[in-house]
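S.K.: Got a structure for you, questions after.
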Amino acid sequence: MRSSSSSSVSRRPLKRSKSNQKAPVRKSPFTDFESYMKDKNRKLRSQFEAEASSSSLGNSESSPVVSGRGIFHGVSIFVNGHTIPSGQELKGYMLRHGGRFENYFSSQRVTHIICSNLPDSKMRNLKAFSRGLPVVKPEWVVDSVASNLLLSSAPYQIFGHSSETCKQQKLSAFFGCKSISCFKENDASDSNVRIDCEGSEKSMNSPLEPQSKLLRNFMGSDRVFPIRLDEEQKLTNSLDKVNKYEASDADSLKLSIRTIAPSDDGSFGKPTYLKHTANSDVHHSTLNDPNFVENYFKSSRLHFIGTWRNRYQKRFSNMLKGVGYGKEFVHSSSITKGSTIIHIDMDCFFVSVILRKYPDLLNEPVAVCHSDNSRGTAEISSANYPAREYGIRAGMFVRDAKACCHNLVLFPYDFEAYEEVADQFYSILHKHCNKVQAVSCDEAFLDITEYDDINPESFSSLIRKEIAETTKCTASAGIAGNMLMARLATKSAKPNGQCFIPPEKVDGFLEELPITSLPGIGHSIGEKLKAKELHTCGQLRMVSKVALHKDFGERVGDMLWNYCRGFDDRKVEVLKEAKSIGAEVNWGVRFQDIMDCEHFLIQLSKEVSSRLKECGVLARTVNLKIKRRRKGAKEPEKYMGCGDCDNMSRSITLPVPTDDVALIQRIVKQIFASFHINVREVRGVGLQMSRLERMELNRRVHQHNVLESWFLLHSKIEDEPVRVCNATDGAENVPRLQRSLSPNENSCIEKANSLTAVRTARCSTDESARSALPPVSQLDMSIIKIFQP
DNA sequence: ATCCTCCCCTAC
DNA sequence: TAAGGTAGGGGAGGAT
Ligand SMILES: Nc1ccn([C@H]2C[C@H](O)[C@@H](COP(=O)(O)OP(=O)(O)OP(=O)(O)O)O2)c(=O)n1
Ligand SMILES: [Mg+2]
Ligand SMILES: [Mg+2]
Numbered sequence: 001m002r003s004s005s006s007s008s009v010s011r012r013p014l015k016r017s018k019s020n021q022k023a024p025v026r027k028s029p030f031t032d033f034e035s036y037m038k039d040k041n042r043k044l045r046s047q048f049e050a051e052a053s054s055s056s057l058g059n060s061e062s063s064p065v066v067s068g069r070g071i072f073h074g075v076s077i078f079v080n081g082h083t084i085p086s087g088q089e090l091k092g093y094m095l096r097h098g099g100r101f102e103n104y105f106s107s108q109r110v111t112h113i114i115c116s117n118l119p120d121s122k123m124r125n126l127k128a129f130s131r132g133l134p135v136v137k138p139e140w141v142v143d144s145v146a147s148n149l150l151l152s153s154a155p156y157q158i159f160g161h162s163s164e165t166c167k168q169q170k171l172s173a174f175f176g177c178k179s180i181s182c183f184k185e186n187d188a189s190d191s192n193v194r195i196d197c198e199g200s201e202k203s204m205n206s207p208l209e210p211q212s213k214l215l216r217n218f219m220g221s222d223r224v225f226p227i228r229l230d231e232e233q234k235l236t237n238s239l240d241k242v243n244k245y246e247a248s249d250a251d252s253l254k255l256s257i258r259t260i261a262p263s264d265d266g267s268f269g270k271p272t273y274l275k276h277t278a279n280s281d282v283h284h285s286t287l288n289d290p291n292f293v294e295n296y297f298k299s300s301r302l303h304f305i306g307t308w309r310n311r312y313q314k315r316f317s318n319m320l321k322g323v324g325y326g327k328e329f330v331h332s333s334s335i336t337k338g339s340t341i342i343h344i345d346m347d348c349f350f351v352s353v354i355l356r357k358y359p360d361l362l363n364e365p366v367a368v369c370h371s372d373n374s375r376g377t378a379e380i381s382s383a384n385y386p387a388r389e390y391g392i393r394a395g396m397f398v399r400d401a402k403a404c405c406h407n408l409v410l411f412p413y414d415f416e417a418y419e420e421v422a423d424q425f426y427s428i429l430h431k432h433c434n435k436v437q438a439v440s441c442d443e444a445f446l447d448i449t450e451y452d453d454i455n456p457e458s459f460s461s462l463i464r465k466e467i468a469e470t471t472k473c474t475a476s477a478g479i480a481g482n483m484l485m486a487r488l489a490t491k492s493a494k495p496n497g498q499c500f501i502p503p504e505k506v507d508g509f510l511e512e513l514p515i516t517s518l519p520g521i522g523h524s525i526g527e528k529l530k531a532k533e534l535h536t537c538g539q540l541r542m543v544s545k546v547a548l549h550k551d552f553g554e555r556v557g558d559m560l561w562n563y564c565r566g567f568d569d570r571k572v573e574v575l576k577e578a579k580s581i582g583a584e585v586n587w588g589v590r591f592q593d594i595m596d597c598e599h600f601l602i603q604l605s606k607e608v609s610s611r612l613k614e615c616g617v618l619a620r621t622v623n624l625k626i627k628r629r630r631k632g633a634k635e636p637e638k639y640m641g642c643g644d645c646d647n648m649s650r651s652i653t654l655p656v657p658t659d660d661v662a663l664i665q666r667i668v669k670q671i672f673a674s675f676h677i678n679v680r681e682v683r684g685v686g687l688q689m690s691r692l693e694r695m696e697l698n699r700r701v702h703q704h705n706v707l708e709s710w711f712l713l714h715s716k717i718e719d720e721p722v723r724v725c726n727a728t729d730g731a732e733n734v735p736r737l738q739r740s741l742s743p744n745e746n747s748c749i750e751k752a753n754s755l756t757a758v759r760t761a762r763c764s765t766d767e768s769a770r771s772a773l774p775p776v777s778q779l780d781m782s783i784i785k786i787f788q789p
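Residue numbers (full-length UniProt numbering): 1 to 789.
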């Protein structure tokens, strides 16, 4: 029985040593994902390149007879963004006619960049990264194929080697083209665009030019070799500010939403460039924005989804007032035939919301992210199903996503719209069902066990229909006997479908299902199972519960054992009150001096304090977490990211709960000081409050009194207790005096009752960091200072 | 046993 | 440019 505890004892140090040897401190999950993706992209590229080179070999190198060569011999194109015809078609043309097609932009290999017209802002961006290569309209390829001749690219050139005049002329040519083609604004349907563009192509050539200048520039050769910029120019170009997508007109959507894929030669990711970034970091780091926390959160998708539940709780509080879903009463039907649970989830939520405005793109690969630039370290938030066929997933870097699919269409966020749709979504759910458990802004469980007379599938269908009509976004649903199976059913039904798994189908459904598809099984547990040659739920069923307990602990072991059999006894429940409230920022955090840092800590304290107040709760425990650049870690690959860090955290438990900014600030400042770290190394800061207590009406007065008592006490430390706890309505809720360190270590502030500030500290896994912590006695004395105004 | 803290893990 | 947040579950191990 206690074998589990003995095994865990032996595993603990093992875990440490493992993380110590492979990387001194555990890596952030996204760090793993980065390298995973990098590897994947490398493979992808070599595969594509093999394909391209074998084709061109067959057509050219192996048959040196000129006539035998394809017309595109020596030409290697890179397609930037969406084109008509598509990148795939262009690739086909190139390969069939002796040319090459590059999946990645490289000025070494590419001779021509193919793209449709871009708005001026994107044009500048593209120009900066084209390395002087000619940027040519796709019609050049098409027309060359049609005439079976490599036409001069000059008339098709948007720019390249270029002078401003060239670019301007081309741009005006483009606008002329658009007015000629006269398709209705916002109409981005492929057929229309294709027809219009092709039809207008001939007329385009003439307005195109006073061709003399172009011809002078480009007539010499169709094969335009890259012009190498010197390092300084590169730097300048890369620092070029580029307008965001939002700035562009809606009617130039298809053109504006794409920009060039990043170079794969790494020249822009090099620390050389990043090092003298005194002014590159400046704009979006804590260095120059005194209101960084607030601004950052305004734009953070993870902040949006992380804080959504609070907003939901507020907005739907009347629906959630009930003390829960009366689990005391077990409905008769759940006894006879078990529960019926529906899980419902919006399809590629963020993408669906934006595509309401652009229905023509529904079948194209689309993703949502912050604007897209050469570095490509913005993250994909959501990808639609066509995009997923290319392997694109939420959380990927944009550049990796584009490496999977260079025709990927990117849209910016629209948080207000998500909020609106989520409201509509939940209004509908609550209207149809009185047992709704919110999972996230786009996902919920319904318990319809007691709706005996309703067919679950019709019911689900009805709700989905109403959601689709109201929100213009589709949702998928899963129906089953418990939450687990309902959720798995949803996954299998996506997109825009529903799936019912009756009890007798459960075993079959799970037999071949990868264990990692089970909710709650992520990367870490998945890897452990993989190491044991366990991949499917069917295989997992062969493992005894005892063994699972031994390896994963009691609860996780049970979960594995139950889930792989399709067992799940969780109940659909209302959202309960939060147990902790916090805020953290691990992006853009760069401090020059302690003033920067303290200013930031104050901002964060304000944020947390106001969240506590908003929730009407007070907290007793303050925990500060710092990410510190790991020794030897380079500037992170992700722009303004935290990179490879050691975590340090330290918590203090107050004698009384608080939401007071000034108090929180003082505590935070003290804790931070106790870390004794160089503020320039700080890459992330988190502040979370726990041991929450509901704020009652006279609570604040009470709190004040307690603090005053505390101050009094403080002057005569070992004195007899002031029974403050007795005075509190929640005295019995005050947990027992906690001391996580040896008694004498914090005795200096110890009281006879619970009025004790307790401090605990930890620096995860890193030995040197741990030793950097000050002696406990020192910190404890500092706690006293906290209470001195 | 039970509770507590300090994490890690997971999901959106 | 870019915005790597938030909160709950739960394991380990110590205190009571
Ligand atoms: N790593 C992630 C995961 C999700 N989200 C956001 C974007 C998603 O649209 C939304 C909902 O998450 P889902 O897991 O439900 O994903 P989608 O709705 O996008 O796709 P699916 O059709 O699989 O539900 O949360 C995000 O920003 N980053
Ligand atoms: Mg979804
Ligand atoms: Mg979801």
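Ideal Cβ placement from N, Cα and C applies to all residues, glycine included.
Note that this is a predicted model, so its numbers are computed, not measured.
Out of T536, E450, L410, point me to the one whose CA is closest to F397's CA.
M.R.: Residue 397 sits at position 397 when you count from the first residue of the first sequence. Selected option, being the one with the closest Cα: L410.
S.K.: From S56 to V145, what distance separates their C-alpha atoms?
M.R.: As a first step, residue 56 is located in the first sequence; it is residue number 56 there, counting from the start. As a first step, residue 145 is located in the first sequence; it is residue number 145 there, counting from the start. Note on S56: pLDDT 27, under 50, position unreliable in the model; the coordinate value appears next. One C-alpha to the other measures close to 16 Å.
S.K.: Can you give the Cα-Cα distance for R541 and F552, rounded to whole angstroms?
M.R.: Translated into positions along the first sequence, residue 541 becomes position 541. Translated into positions along the first sequence, residue 552 becomes position 552. Those two C-alpha atoms are separated by around 15 Å.
S.K.: Excluding the 5 residues preceding and the 5 following L612 in the sequence, name in chain order all residues of the same chain whose CB lies nearer than 7 Å to its CB.
M.R.: Here the question's residue 612 lines up with position 612 in the first sequence. Excluding sequence neighbours, L612 sits near I581, L618, A619, D659, M689.
S.K.: Starting from Q437, follow its DSSP beta bridges and name the residues at the other end.
M.R.: For the purposes of this step, residue 437 is taken as the residue at position 437 of the first sequence. Partner(s): F445.
S.K.: Would you say the beta carbon of S440 comes nearer than 7 Å to a heavy atom of ligand 3?
M.R.: Reading the first sequence from its first residue, position 440 is the one you call residue 440. Indeed, a heavy atom of ligand 3 lies less than 7 Å from the Cβ.
S.K.: Name the residue from V75, I84, E139 whose alpha carbon lies nearest to the alpha carbon of V110.
M.R.: In the first sequence, counting from the first residue as 1, residue 110 sits at position 110. Of the candidates V75, I84, E139, the one whose C-alpha sits nearest the C-alpha of V110 is V75.
S.K.: Taking the straight line between their C-alpha atoms, what separation do you get for K571 and A438?
M.R.: Within the first sequence, the letter at position 571 stands for residue 571. Within the first sequence, the letter at position 438 stands for residue 438. Each residue's Cα considered, the two are about 13 Å apart.
S.K.: Rounding to the nearest angstrom, what Cα-Cα distance links V413 and L548 in this structure?
M.R.: Counting from 1 along the first sequence, the entry for residue 413 is found at position 413. Counting from 1 along the first sequence, the entry for residue 548 is found at position 548. A quick correction: the sequence has Tyr, not Val, at residue 413. Approximately 42 Å, taken between the alpha carbons.
S.K.: Taking contact to mean at least 3 C-beta pairs separated by less than 8 Å, is the segment 308 to 322 in contact with the segment 422 to 437?
M.R.: Cβ pair count under 8 Å is three or more, so yes.
S.K.: Given a cut-off of 8 Å, decide if V293 and Q665 are closer than it, judged by their beta-carbon atoms.
M.R.: Position 665 of the first sequence, counting from 1, holds the residue named residue 665. Position 293 of the first sequence, counting from 1, holds the residue named residue 293. No. Outside cutoff.
S.K.: Can you tell me which of the three DSSP states E693 falls into?
M.R.: In the first sequence, residue 693 corresponds to position 693, counting from 1. E693: strand per DSSP, three-state reduction.
S.K.: Tell me whether T340 sits in a helix, a strand or coil according to DSSP, three-state version.
M.R.: Counted from its first residue, the first sequence places residue 340 at position 340. DSSP places T340 in coil when its eight states are reduced to three.
S.K.: Measuring alpha carbon to alpha carbon, tell me which of Q157, G338, L355 ends up nearest I113.
M.R.: Position 113 of the first sequence, counted from the first residue, corresponds to residue 113. I113 has its Cα closest to that of Q157, out of Q157, G338, L355.
S.K.: State the Cα-Cα distance for the pair L302 and K545, rounded to the nearest angstrom.
M.R.: Translated into positions along the first sequence, residue 302 becomes position 302. Translated into positions along the first sequence, residue 545 becomes position 545. Answer to the nearest angstrom: the Cα atoms are 36 Å apart.
S.K.: Going by DSSP, what residues sit across from L410 in a beta bridge?
M.R.: Here residue 410 refers to the residue found at position 410 of the first sequence. L410 pairs with A367.
S.K.: Please report how far the alpha carbon of F415 lies from the alpha carbon of C369, in whole angstroms.
M.R.: By 1-based counting over the first sequence, the position of residue 415 is 415. By 1-based counting over the first sequence, the position of residue 369 is 369. Near 12 Å, if we compare the C-alpha coordinates of C369 and F415.
S.K.: Suppose you measure from the CA of K491 to the CA of G478; what does that come to, to the nearest Å?
M.R.: What you label residue 491 is simply residue 491 of the first sequence in a count that begins at 1. What you label residue 478 is simply residue 478 of the first sequence in a count that begins at 1. K491 and G478: Cα-Cα distance of roughly 8 Å.
S.K.: Measure how close the beta-carbons of V141 and C115 come, nearest whole angstrom, since I'm counting them as under 8 Å.
M.R.: For the purposes of this step, residue 141 is taken as the residue at position 141 of the first sequence. For the purposes of this step, residue 115 is taken as the residue at position 115 of the first sequence. The Cβ separation is near 12 Å, so there is no contact.
S.K.: Exposed or buried, K435, counting other C-beta atoms within 10 Å across all chains shown (16 or more means buried)?
M.R.: Within the first sequence, residue 435 is the residue found at index 435, counting from 1. K435 should be labelled buried.
S.K.: Measuring only the C-alpha atoms, how far is D143 from E89?
M.R.: Taking the first residue of the first sequence as position 1, residue 143 is located at position 143. Taking the first residue of the first sequence as position 1, residue 89 is located at position 89. Their backbone Cα atoms lie some 13 Å apart in a straight line.
S.K.: Where does residue 791 fall in DSSP's three states?
M.R.: No statement about residue 791 is possible, as the shown extent of the chain runs from 1 to 789 and does not include it.
S.K.: Using a threshold of 7 Å, is the CB atom of F349 nearer than that to any non-hydrogen atom of ligand 1?
M.R.: Within the first sequence, numbered from 1, the residue matching residue 349 stands at position 349. Under cutoff, so the answer is yes.
S.K.: Going by beta carbon distance, what residues of the same chain come within less than 8 Å of E533, once the five residues before and after it are set aside?
M.R.: Mapped onto the first sequence, residue 533 falls at position 533. Cβ neighbours of E533 beyond the five flanking positions: Q539.
S.K.: Is L668 near R628, with beta carbons less than 8 Å apart?
M.R.: Along the first sequence, read from residue 1 onward, the residue named residue 668 stands at position 668. Along the first sequence, read from residue 1 onward, the residue named residue 628 stands at position 628. The sequence as given places Val at residue 668; Leu does not occur at that position. Going by C-beta atoms, V668 is not nearer than 8 Å to R628.
S.K.: Assuming S153 contacts P134 under a Cβ cut-off of 8 Å, what Cβ separation, rounded to an integer in Å, is found between them?
M.R.: Numbered from its first residue, the first sequence carries residue 153 at position 153. Numbered from its first residue, the first sequence carries residue 134 at position 134. Yes, they are in contact, since the Cβ atoms of S153 and P134 sit about 6 Å apart, within 8 Å.
S.K.: I'd like to know whether the C-beta atoms of I454 and I463 end up nearer to each other than 8 Å.
M.R.: Here residue 454 refers to the residue found at position 454 when the first sequence is read from its first residue. Here residue 463 refers to the residue found at position 463 when the first sequence is read from its first residue. No, they are not a contact pair.
S.K.: Measuring CA to CA, which of Y451, F350, N384, M319 is closest to G338?
M.R.: In the first sequence, the residue the question calls residue 338 occupies position 338. Of the candidates Y451, F350, N384, M319, the one whose C-alpha sits nearest the C-alpha of G338 is Y451.
S.K.: So Q424 is in the beta strand (DSSP E); what residue range does that whole segment cover?
M.R.: In the first sequence, the residue the question calls residue 424 occupies position 424. First-last for Q424: 415 to 432, but that is the alpha helix (DSSP H), not the beta strand (DSSP E).
S.K.: Taking the Cβ atom as the reference point for each residue, do E511 and C473 lie within a distance shorter than 8 Å?
M.R.: Position 511 of the first sequence, counted from the start, is the residue given in the question as residue 511. Position 473 of the first sequence, counted from the start, is the residue given in the question as residue 473. Result no, Cβ atoms of E511 and C473 do not sit closer than 8 Å.
S.K.: Pull up the CB-CB distance for G684 and V589, whole angstroms please, since I reckon it's below 8 Å.
M.R.: The residue given as residue 684 occupies position 684 in the first sequence. The residue given as residue 589 occupies position 589 in the first sequence. That belief holds up - the Cβ atoms of G684 and V589 are roughly 5 Å apart, short of 8 Å.
S.K.: M319 lies in the alpha helix (DSSP H); which residues open and close that run?
M.R.: Your numbering for residue 319 matches position 319 in the first sequence. It spans 317 to 320 - the alpha helix (DSSP H) in which M319 sits, taken as one unbroken run.
S.K.: Closer than 7 Å to a non-hydrogen atom of ligand 1 - does that hold for the CB of S461?
M.R.: On the first sequence, position 461 is the one that residue 461 refers to. No; taking the cut-off as 7 Å, the Cβ of S461 has no heavy atom of ligand 1 nearer than that.
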